[in-house]
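J.: Structure below; questions to follow.
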Amino acid sequence: MINENMSYIHPDAKIGENVTIGPFSYIDKNVEIDEGTWIGPNVTISDGARIGKNCKIFTGSTISAIPQDLKFNGEYSTVEIGDNTAIHEFATINRGTKAKNKTVVGSNCLLMSYTHVAHDSIINDNCILGSYAGLAGEVEVGYHAIVSPGTLVHQFVRIGPHVMIQGGSKVVKDIPPYVLAGRDPLTYTGINSVGLRRRGFSNEAIYEIQECYRIIYQRNMNISDAVDFIEANLAASAERDEIVLFIRNSKRGIIRGYFDGGDKA
677 MINENMSYIH
687 PDAKIGENVT
697 IGPFSYIDKN
707 VEIDEGTWIG
717 PNVTISDGAR
727 IGKNCKIFTG
737 STISAIPQDL
747 KFNGEYSTVE
757 IGDNTAIHEF
767 ATINRGTKAK
777 NKTVVGSNCL
787 LMSYTHVAHD
797 SIINDNCILG
807 SYAGLAGEVE
817 VGYHAIVSPG
827 TLVHQFVRIG
837 PHVMIQGGSK
847 VVKDIPPYVL
857 AGRDPLTYTG
867 INSVGLRRRG
877 FSNEAIYEIQ
887 ECYRIIYQRN
897 MNISDAVDFI
907 EANLAASAER
917 DEIVLFIRNS
927 KRGIIRGYFD
937 GGDKA
């Protein structure tokens, strides 16, 4: 159907209470938009979109278009967006393929203008993607991570929670939790202590995180030996265990430290 402001809303779309849809927007079949969400003008929301409460989606954005992936064969897949997330002008979020069948953007996220989230990527809660940042397929971004403007993230890369990445970076290796990543090529440049303090981490927890990364990046050990040393010599904690588990599960390997020439991959 076409409503009074010339937007198109498919009769099978499920639109919650107090949803605003701006002029010339297109809402396809098999779309669910929860209450209080605001859709600006000229937005395209395609088959498979699941949008939470109180989101804001700005002019020209495209949500749940088919993935830009040759293995996609028309299988059922979705884009899932949590509550209170803002998606700014001309952002694009593609739905999943048979790899995961869904692309996910969590709650309380900010995707700035012209960001791109490719098929099967997972962005956790409270993340920020700066303008022109692009995530390739099956990227994972941990909660409270900041991917600064112009950053390009390679397929399958994992970005840990509370990470902050320098603008204009090329990310080809995993970035472990709590760190700052910068320079060219991209390297570990310290921990995100300012962000951690803003989020209520104690001085003791921040010191422990620093000690983990001193061992990983400044003891002249290989990564697996450094992780073994951390487990054997530092007391267990949520932060220590998150760092260890992330690195042990890394398939692409983690970024190197700035002192040893950076990421040589």
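For the sequence shown, our numbering begins at 677 and goes up steadily by one.
Beta carbons are placed, not taken as given, at the ideal position from N, Cα and C, and that holds for glycine.
What are the boundary residues of the beta strand (DSSP E) that Ile-742 is part of?
T.: No beta strand (DSSP E) holds Ile-742; DSSP gives it neither H nor E.
J.: Just to check my reading of the structure: Tyr-854 and Gly-836 have Cβ atoms closer than 8 angstroms, yes? What is that Cβ distance to the nearest angstrom?
T.: The pair is a contact, with the Cβ atoms about 7 angstroms apart (cut-off 8 angstroms).
J.: Measure the alpha-carbon distance for Ser-740 versus Ala-809 and round it to whole angstroms.
T.: 18 angstroms
J.: My output table needs one value for Ala-775: the three-state DSSP class, helix, strand or coil.
T.: Here Ala-775 sits in coil by DSSP.
J.: So, Glu-711 versus Glu-693, is the Cβ gap smaller than 8 angstroms?
T.: Result yes, Cβ atoms of Glu-711 and Glu-693 sit closer than 8 angstroms.
J.: My output table needs one value for Gly-866: the three-state DSSP class, helix, strand or coil.
T.: DSSP places Gly-866 in the strand class (E or B) of the three-state scheme.
J.: Which whole-angstrom value describes the C-beta separation of Ile-799 and Val-829, a residue pair presumed to lie in contact below a C-beta threshold of 8 angstroms?
T.: 11 angstroms between Cβ atoms; not a contact.
J.: If we call anything under 8 angstroms between Cβ atoms a contact, is Ile-733 one with Gly-758?
T.: no
J.: To which residues of the same chain is Ser-824 closer than 8 angstroms at the C-beta, ignoring the five residues directly before and after it?
T.: Sequence-distant partners of Ser-824 (beyond 5 residues in either direction) whose C-beta falls short of 8 angstroms from its own C-beta, in its chain, are Gly-806, Ala-809, Met-840, Ile-841, Gln-842, Gly-843, Gly-844, Ser-845.
J.: Count the other CB atoms within 10 Å of the CB of Ala-812; is the residue buried (16 or more) or exposed (fewer)?
T.: buried
J.: Our contact map puts Val-755 next to Ile-742 with C-beta atoms below 8 angstroms; I'd like the distance itself, whole angstroms only.
T.: Not quite, the Cβ-Cβ distance comes to about 11 angstroms (not below 8 angstroms), so this is no contact.
J.: Going along the chain, which residues of its own chain have a beta-carbon closer than 8 angstroms to the beta-carbon of Glu-751, five neighbours each way excluded?
T.: Thr-773, Lys-774, Asn-777
J.: How big is the Cα-Cα spacing for Ser-878 and Ile-691?
T.: 43 angstroms
J.: Would you kindly report the start and end of the unbroken alpha helix (DSSP H) that includes Arg-875?
T.: In the DSSP assignment, Arg-875 falls outside any alpha helix (DSSP H), carrying neither H nor E.
J.: Ends of the beta strand (DSSP E) at Arg-726?
T.: 725–727
J.: Pull up the CB-CB distance for Arg-932 and Thr-863, whole angstroms please, since I reckon it's below 8 angstroms.
T.: Their Cβ separation, rounded to whole angstroms, is 6 angstroms, which keeps Arg-932 and Thr-863 in contact under 8 angstroms.
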